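Counting along the sequence shown from 1, when you hit position 315 you're at 911 in this note's numbering, and nothing is skipped either side.
Even glycine gets a Cβ: it sits at the ideal position worked out from N, Cα and C.
The model shown is predicted, which means the values in this text are computed figures rather than measured ones.
Below is one structure, written out as structure tokens; the observations come after it.
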Amino acid sequence: MSSTVLVGVQWGDEGKGKIIDVLTEKSDLVVRFQGGNNAGHTVEIGNDKFVLHVVPSGIFRPKAKCIVGNGVVVDPIVLMEEIKKLQARNIEFEGRLEISTRCHLILKYHSLMDGLKEQQSNPERKIGTTKRGIGPAYADKASRRGIRALEMLDTGRFEKRFKEEAAFYNTIFAGCNCELVNVDEEWIKLLEAAKFLTPYIKDTVLTINKASKENKSILFEGAQGMLLDVDYGTYPFVTSSNTTSGGACTGSGLSPKYIDNIVGVMKAYCTRVGEGPFPTELMGEEGERLRRLGREYGATTGRPRRCGWFDAVSARYSCMLNGVDTLAITKLDVLDQYDSLKVCVAYKVNGEMVTDMPSDTEDIAKSIPVYETYQGWHSSTTSATCFEELPDEAQKYLRKIAELVGADIGIISVGPNRSQTFKT
Ligand code: IMP
């Protein structure tokens, strides 16, 4: 049995939900460790399609227990609704979900503040957030005024804290002539959510460590991707958590010495939602074609994703940083119709050739991608069940990108369904 961390290698939306669903077949515990309902993990099982935002993707495996770890920021009303919707589709939660007592809550004033900051930003500084209140909730956590899930267990204490914080924020909103939190209306919704979520709120650090000691199989489910990591991504165009594998430990309470394996998920090309540099982005009709073929629209906000060629510079950096042992490459089938494919192998920055990801986002924005071109395969990969069944040119393309990023391919996905995935 082992502890595996699964992370996105690019800008999120790599198809992690699907790979997690496949890997959870044998998992005892599936743990979310960062982010919040900015994530949208899509899982297709037969004719059913589910989009999860906070609930771990292991929920579709009846034997797996799901944990929302302490590093996650939880909007209690959104989580309650998500659970109710899944229950209405016969997904069992009883004894199967735990929410960490230490999770920080996302409250109405956080999403209002998120919208306000975006609205007021100088257009060049606009991040294009999901407006779910993620950044302001993590900011409250770091500035030590956050409210944690454990406070929902005592509704008197929770009401006092919520009302104090809402009053604080309302003075700021009033000063900018902005929408205020309707405290009483919001409190009614929060009280319902607190009562609904109470049975699930536990000290998950103990659950996770006990499972690890008992040699159970644990899967840590990353959200977003390395290039959105608050420390290593294209700052400030990032999310507010550590999306990289190290975040699995701080966001769950399991020591790094118990992590055995890191799986990095990446698309066979690149996408990005929101603002910020994207060196291999395809504009105009070329970008539109890839978006259409890949059905590239955000699972959380429905926004069209920006699309581009595979970027080996950022992916190599990401695999190094995450310590990726195994690659899962998704959406290979999206490239089936191309005559030729480009892969970015270096950036030209201020006239110099660079093969490592620059730490200055302005340099990344200035980068001119240096491409190698590969022949396309012009045939369908959607029914392949093993590496050898893929067209020769597809095999070459995959081997090349794995070599460029310096990790071994373990899983390939050739379509949205659970069955269209195979191990190599
Ligand atoms: P936030 O996480 O809502 O603060 O948004 C910050 C940046 O991360 C924006 O560019 C978002 O589009 C991006 N982002 C956040 N969550 C996801 C995700 O799950 N997939 C892809 N991009 C995301």
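Run of the beta strand (DSSP E) containing residue i, from where it starts to where it stops
{"i": "Thr638", "result": "His637 to Ile641"}
{"i": "Met862", "result": "Asn857 to Lys863"}
{"i": "Thr957", "result": "Run containing Thr957: none in the beta strand (DSSP E); it sits in the alpha helix (DSSP H), Thr957 to Lys962."}
{"i": "Glu694", "result": "Leu693 to Ser696"}
{"i": "Gly752", "result": "Where Gly752 is concerned, there is no enclosing beta strand (DSSP E), although the alpha helix (DSSP H) it sits in stretches over Thr751 to Gly771."}
{"i": "Val945", "result": "Ser936 to Val945"}
{"i": "Val647", "result": "Asp644 to Leu648"}
{"i": "Leu923", "result": "Thr922 to Thr926"}
{"i": "Gly604", "result": "Ser599 to Gly604"}
{"i": "Thr625", "result": "In the sequence as presented, Thr is not what sits at residue 625; that position holds Leu. Here the beta strand (DSSP E) through Leu625 covers Leu625 to Arg628."}
{"i": "Glu775", "result": "Note, Glu775: premise wrong, no beta strand (DSSP E); not H, not E."}
{"i": "Ser1009", "result": "Asp1004 to Ser1009"}
{"i": "Val664", "result": "Lys661 to Val664"}
{"i": "Met949", "result": "Glu948 to Val950"}
{"i": "Phe1018", "result": "Thr1017 to Lys1019"}
Proximity to residue i [Cα-Cα], best of the options
{"i": "Asp736", "options": "Ser707, Ile723 and Leu749", "result": "Ser707"}
{"i": "Ser976", "options": "Glu881, Thr835, Asp988 and Lys756", "result": "Asp988"}
{"i": "Ser808", "options": "Gly894, Asp624 and Gly608", "result": "Asp624"}
{"i": "Thr800", "options": "Ala789, Gly665 and Leu787", "result": "Gly665"}
{"i": "Val626", "options": "Pro658, Gly636, Lys962 and Asn773", "result": "Pro658"}
{"i": "Ile797", "options": "Tyr831, Asp750 and Arg1014", "result": "Asp750"}
{"i": "Thr926", "options": "Cys915, Gly919 and Cys866", "result": "Cys866"}
{"i": "His649", "options": "Cys940, Gly642, Thr638 and Thr922", "result": "Thr638"}
{"i": "Gly972", "options": "Leu986, Pro965, Ala762 and Val647", "result": "Leu986"}
{"i": "Leu994", "options": "Asp952, Leu878, Lys863 and Gly631", "result": "Lys863"}
{"i": "Ser914", "options": "Arg685, Ala684, Asp825 and Glu677", "result": "Asp825"}
{"i": "Tyr854", "options": "Tyr831, Ile814 and Arg887", "result": "Ile814"}
{"i": "Glu720", "options": "Tyr831, Gly904 and Cys940", "result": "Tyr831"}
{"i": "Arg1036", "options": "Lys727, Ala684, Arg753 and Val670", "result": "Any property of residue 1036 remains undetermined from this structure, which presents the chain solely from 597 to 1020."}
{"i": "Ala745", "options": "Glu755, Arg891, Ser717 and Ser696", "result": "Ser696"}
{"i": "Glu714", "options": "Leu675, Ile641 and Lys727", "result": "Lys727"}
{"i": "Arg740", "options": "Leu619, Glu761 and Leu793", "result": "Glu761"}
{"i": "Lys614", "options": "Ser1009, Lys1019 and Thr1020", "result": "Ser1009"}
{"i": "Gly880", "options": "Gly904, Asp952, Met676 and Ile964", "result": "Gly904"}
{"i": "Ser963", "options": "Arg912, Asp907, Leu1000 and Glu999", "result": "Asp907"}
{"i": "Arg692", "options": "Thr981, Ala684, Leu675 and Pro652", "result": "Pro652"}
{"i": "Thr1017", "options": "Gln606, Ile641, Thr794 and Ala635", "result": "Ile641"}
{"i": "Arg753", "options": "Gly724, Asn766 and Trp783", "result": "Trp783"}
{"i": "Ser979", "options": "Asp932, Val950, Leu675 and Asp952", "result": "Asp932"}
{"i": "Met1050", "options": "Ser936, Phe983 and Arg912", "result": "Nothing can be reported for residue 1050, as the shown portion of the chain is limited to 597 through 1020."}
{"i": "Phe540", "options": "Ile858, Ser910 and Glu690", "result": "One cannot answer for residue 540 here, as it falls past the ends of the chain, which runs 597 to 1020."}
{"i": "Asn773", "options": "Gln716, Asp780 and Glu747", "result": "Gln716"}
{"i": "Gly829", "options": "Val939, Tyr893 and Ala961", "result": "Ala961"}
{"i": "Glu999", "options": "Lys704, Val920, Asp710 and Ala844", "result": "Val920"}
{"i": "Gly947", "options": "Asp959, Ala790 and Phe656", "result": "Asp959"}
Cβ separation of residue i and residue j, assumed to be a contact under 8 Å, to the nearest whole Å
{"i": "Leu602", "j": "Val869", "result": "About 20 Å; that fails the 8 Å criterion."}
{"i": "Arg757", "j": "Ile743", "result": "5 Å"}
{"i": "Thr730", "j": "Thr835", "result": "For the record, residue 730 in the displayed sequence is Ile; it is not Thr. Yes, Ile730 and Thr835 are in contact; Cβ-Cβ is about 6 Å, under 8 Å."}
{"i": "Ile616", "j": "Leu786", "result": "Their Cβ separation, rounded to whole angstroms, is 30 Å, which puts Ile616 and Leu786 out of contact at 8 Å."}
{"i": "Gly872", "j": "Asp929", "result": "Not confirmed; about 27 Å, so no contact."}
{"i": "Asp827", "j": "Asn838", "result": "6 Å"}
{"i": "Lys996", "j": "Tyr970", "result": "7 Å"}
{"i": "Leu850", "j": "Ser1015", "result": "Not really, about 32 Å apart at Cβ, beyond 8 Å."}
{"i": "Phe816", "j": "Thr957", "result": "About 27 Å; that fails the 8 Å criterion."}
{"i": "Ile582", "j": "Glu694", "result": "The structure shown does not extend to residue 582, since the chain spans only 597 to 1020, so no value can be given for it."}
{"i": "Leu917", "j": "Met822", "result": "6 Å"}
{"i": "Gly604", "j": "Gly818", "result": "6 Å"}
{"i": "Leu886", "j": "Leu878", "result": "6 Å"}
{"i": "Ala733", "j": "His700", "result": "6 Å"}
{"i": "Thr922", "j": "Asp1004", "result": "6 Å"}
{"i": "Gln820", "j": "Gly608", "result": "4 Å"}
{"i": "Gly632", "j": "Ile702", "result": "6 Å"}
{"i": "Ala895", "j": "Gly636", "result": "3 Å"}
heavy atom of the ligand ADP below 7 Å from residue i C-beta
{"i": "Arg891", "result": "Only the ligand IMP can be found as ligands here, which leaves the ligand ADP out of the picture."}
For residue i, the first and last residue of its enclosing alpha helix (DSSP H)
{"i": "Val779", "result": "Val779 to Leu793"}
{"i": "Lys812", "result": "Run containing Lys812: none; DSSP gives neither H nor E here."}
{"i": "Leu619", "result": "Lys612 to Leu619"}
{"i": "Glu989", "result": "Asp988 to Val1001"}
is_contact[residue i, chain D] using C-beta, thresh 8 Å
{"i": "Asp932", "result": "No chain D is part of this structure, which consists of one protein chain only."}
(request) May I have a chain-ordered list of the beta strand (DSSP E) segments no shorter than 3 residues that lie completely inside the stretch 834-911? (result) 857-863, 866-868 and 902-904
(message) Extract the residue ranges of the beta strand (DSSP E) inside the stretch 669-740, only unbroken runs of 3 or more that lie entirely within it.
(response) Residue ranges of uninterrupted beta strand (DSSP E) with 3 or more members, entirely inside the stretch 669-740 and ordered along the chain, are 693-696.
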